[in-house]
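Trainee: Numbering (this note's numbering), first residue to last: 19 to 157. Pasting in a structure now, in structure tokens, and then I'll have a few things to ask.
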């Protein structure tokens, strides 16, 4: 059996794994876990937005840095076979950013919703897709 390194014409349709990107996406998950922890340590009481705001801001900063990494990768991948996969990963990261921004804005404007723990879990699940995809690219 020939490995890709020896086989003629063997090409990759996926972008290269990025430890930096995986780390930033992991940091996003960590910040969202901190929001979850803040909510779970105050059962029966609403958590003021000011207590979770630093975690939302940190998650948004990390996701923005993730987008910068994938945007740079997209420039590199332009015209290559990995271009589509790179664009899709960037779209996943954009969805994550949108989910964080939407939940943060609602929480800031209206306070903690009655199902905020579920909302944060959904945001975290949305963001985990990009991290899991990046993890699968590690060879």
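A virtual CB, placed ideally from N, CA and C, is assigned to each residue, including glycine.
Put residue 60 into one of helix, strand or coil per three-state DSSP.
Mentor: Reduced to three states, the DSSP call for residue 60 is coil.
Trainee: Just the Cα atoms here: how many angstroms apart are residue 99 and residue 124?
Mentor: For residue 99 and residue 124, the distance between alpha carbons rounds to 40 Å.
Trainee: Our contact map puts residue 73 next to residue 49 with C-beta atoms below 8 Å; I'd like the distance itself, whole angstroms only.
Mentor: With 8 Å as the limit, residue 73 and residue 49 qualify as a contact, their Cβ atoms being about 5 Å apart.
Trainee: Is it true that the CB of residue 80 sits closer than 8 Å to the CB of residue 38?
Mentor: Against a cut-off of 8 Å, the Cβ pair of residue 80 and residue 38 comes out as no contact.
Trainee: Classify residue 121: buried if its beta carbon has 16 or more other beta carbons within 10 angstroms, exposed otherwise.
Mentor: Label assigned to residue 121: buried.
Trainee: Please list, in chain order, all residues of the same chain as residue 69 whose beta carbon is under 6 Å from its beta carbon, the five residues on each side excluded.
Mentor: Contacts found: 56.
Trainee: With C-beta atoms as the reference, is residue 53 less than 8 Å away from residue 130?
Mentor: No.
Trainee: Taking just the CA atoms, how far does residue 62 sit from residue 91?
Mentor: C-alpha separation (whole angstroms): 45 Å.
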